[in-house]
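Mapping the sequence shown onto the numbering used here, position 183 (from 1) lands on 183, and the numbers just tick up by one. Reviewing the structure listed below.
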Amino acid sequence: MKIDAIDAFYLAMPKVTEEADGSQDALVMRVRAGRHTGWGECEASPLTSIAALVAPMSHGACRGVGQVVLGERLDDPVDIARIAARLRFECMDLLQAAHTFSGIEAALWDLLGKARSEPVWRLLGSQQNFGKSPYASQLFGDTPQETLERGRSAAAAGYRAMKFGWGPFGKGDLAADIDQLMAAREGIGPDATLLVDAGQIFGEDVGEAARRLPALEAAGALWLEEPFAGHALAAHAALAAASSKVGLAGGEAAHNEMMARNLIDFGHVRFIQIDCGRIGGIGPAFAVASHAAREGVTYVNHTYTSHLALSASLQPYAGLGDHRLAEYPVTPKALAHELTVQHIDRDANGEIWAPAGVGLGIEVNRQSLANYLVETEIRVAGKTVYRTPALD
1 MKIDAIDAFY LAMPKVTEEA DGSQDALVMR VRAGRHTGWG ECEASPLTSI AALVAPMSHG
61 ACRGVGQVVL GERLDDPVDI ARIAARLRFE CMDLLQAAHT FSGIEAALWD LLGKARSEPV
121 WRLLGSQQNF GKSPYASQLF GDTPQETLER GRSAAAAGYR AMKFGWGPFG KGDLAADIDQ
181 LMAAREGIGP DATLLVDAGQ IFGEDVGEAA RRLPALEAAG ALWLEEPFAG HALAAHAALA
241 AASSKVGLAG GEAAHNEMMA RNLIDFGHVR FIQIDCGRIG GIGPAFAVAS HAAREGVTYV
301 NHTYTSHLAL SASLQPYAGL GDHRLAEYPV TPKALAHELT VQHIDRDANG EIWAPAGVGL
361 GIEVNRQSLA NYLVETEIRV AGKTVYRTPA LD
């Protein structure tokens, strides 16, 4: 097959706020090759990524992503790896390339799975699909009482693990954060797994992050996620050395395999969280999952948007039976929920599974695409280089 077309669709809620919720807009990629179509989602600024897709060449190592991918052959998983390698070389000075390609790469796997009548996890070489235990992923409330109520709601819905992140955590004093952590524990109950996401709030300040460790331990938190910027390896390593009970988690900021491996090898995280919509797609995420398994680090998906993205994020570790936690957004915006026809729901045992259907096993809801579509046009020197594609 030859890659004939790449179509980028910019979607957004009617009002986008400053809330740290990536489900407020989306960039969905459609790739066509012959009679087959694949879909993928980027976790990135839609307009910036569209620009990276259609940008004219600046020089030999700074080409638009579309120039590199269009016209390539796609007959085997090795072709996806080959295209990705070419992209890394020819787009090395286009720093948005990995984010833009992430959605395209997932669509290539989806397309190839449909062409071969196999799920993506099997194309990756996994012989078995293991269920995952979803943790209800949500923001801290503006007040401890709101956090407590969110925890109670998730517990009442049957979740056995819950994550609270961002919001006011780390923005006030230590006492305020302690109140939030105690409220989270009270809300979810004594037996549920508590996960905490600091949203990089401490920069590289190891001391300030370490001041929260006793409270995190008292609340029984399994991990502290992203206390620092994703590339602050020395800070991660220092805090990891100071924390015997609470593990560090991170990796969503990695936009290539090497960044994620460095966080494992030099940052000493115990949990590596990869977003297939950022790292360059499913292939590099699979490579990180394999490395994590070898190093005794737990692999976890990072997903806070649609179930198209959730399916992509489950594929790389579907075959790892000992890596069971999965991020599961419980309060996505309507756009993210309505984007797909199918949803990955919990089974009778409370687990979720990578879909068994061909490709990603998720169908895009075209009416929802139309409902949230942001009509866009990009012109360069009087010539239109991008216009919102037709939804045929």
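Cβ atoms here follow ideal geometry from the backbone N, Cα and C, with glycine treated the same way.
Residue 108 versus residue 270 - alpha carbon distance = Here the question's residue 108 lines up with position 108 in the sequence shown. Here the question's residue 270 lines up with position 270 in the sequence shown. Roughly 31 Å separates the two Cα atoms.
Same chain, Cβ closer than 6 Å to residue 412, neighbours up to 5 away in sequence not counted = Outside the shown range of the chain, which is 1 to 392, sits residue 412, and nothing can be said about it.
Are the Cβ atoms of residue 213 and residue 242 separated by less than 8 Å?
-> Residue 213 sits at position 213 when you count from the first residue of the sequence shown. Residue 242 sits at position 242 when you count from the first residue of the sequence shown. The criterion of a C-beta distance shorter than 8 Å is satisfied by residue 213 and residue 242.
Looking at the unbroken alpha helix (DSSP H) that takes in residue 262, where does it start and where does it end?
-> Against the sequence shown, residue 262 aligns to sequence position 262. That run of the alpha helix (DSSP H) goes 257-265.
Of all the alpha helix (DSSP H) runs that stay within the bounds of the region 206-230, which reach a length of 4 or more residues?
-> Counting only runs of 4+ residues, the alpha helix (DSSP H) found wholly inside the region 206-230 occupies 206-210, 213-218, in chain order.
Segments assigned alpha helix (DSSP H), at least 4 residues, entirely inside the region 104-163 | 120-123, 144-156
Hey, residue 209 and residue 225: beta-carbon distance below 8 Å or not?
-> Within the sequence shown, numbered from 1, the residue matching residue 209 stands at position 209. Within the sequence shown, numbered from 1, the residue matching residue 225 stands at position 225. No, these two residues do not count as a Cβ contact at 8 Å.
Assign residue 36 to one of three DSSP states: helix, strand, or coil.
-> Within the sequence shown, residue 36 is the residue found at index 36, counting from 1. Strand.
For residue 21 and residue 333, believed in contact at Cβ under 8 Å, the rounded distance | The sequence position of residue 333 within the sequence shown is 333, counting from 1. The sequence position of residue 21 within the sequence shown is 21, counting from 1. Contact holds; Cβ gap of about 7 Å.
Residues of its chain near residue 237, where Cβ-Cβ distance is below 8 Å and the 5 sequence neighbours each way are ignored | Against the sequence shown, residue 237 aligns to sequence position 237. The residues are 266, 267, 268.
In its own chain, which residues sit with a C-beta less than 6 Å from the C-beta of residue 193, not counting the 5 before and 5 after it?
-> What you label residue 193 is simply residue 193 of the sequence shown in a count that begins at 1. Counting only residues of its own chain and dropping the five nearest sequence neighbours on each side, residue 193 has a CB closer than 6 Å to the CB of 161, 222.
What is the DSSP secondary structure of residue 85, reduced to helix, strand or coil?
-> Numbered from its first residue, the sequence shown carries residue 85 at position 85. Here residue 85 sits in helix by DSSP.
Run through DSSP, which three-state label would residue 288 get?
-> The sequence position of residue 288 within the sequence shown is 288, counting from 1. Under the three-state reduction of DSSP output, residue 288 falls in the helix class.
Identity of the residues DSSP links to residue 12 by a beta bridge | The count along the sequence shown starts at 1 and reaches residue 12 at position 12. Bridge partners of residue 12: 25.
Residue(s) in a DSSP beta bridge with residue 328 = Taking the sequence shown and counting its residues from 1, one reaches residue 328 at position 328. Note: residue 328 sits in a beta bridge opposite 136.
Within its chain, find whatever has a CB closer than 7 Å to the CB of residue 33; leave out the 5 residues flanking it on each side and keep chain order.
-> The residue you call residue 33 lines up with position 33 of the sequence shown. Around residue 33: 1, 2, 3, 4, 74, 111.
Might you give, ordered along the chain, the residues of its own chain that have their beta carbon closer than 6 Å to the beta carbon of residue 322, omitting 5 neighbours on each side?
-> Position 322 of the sequence shown, counting from 1, holds the residue named residue 322. Same-chain partners within the cutoff: there are none.
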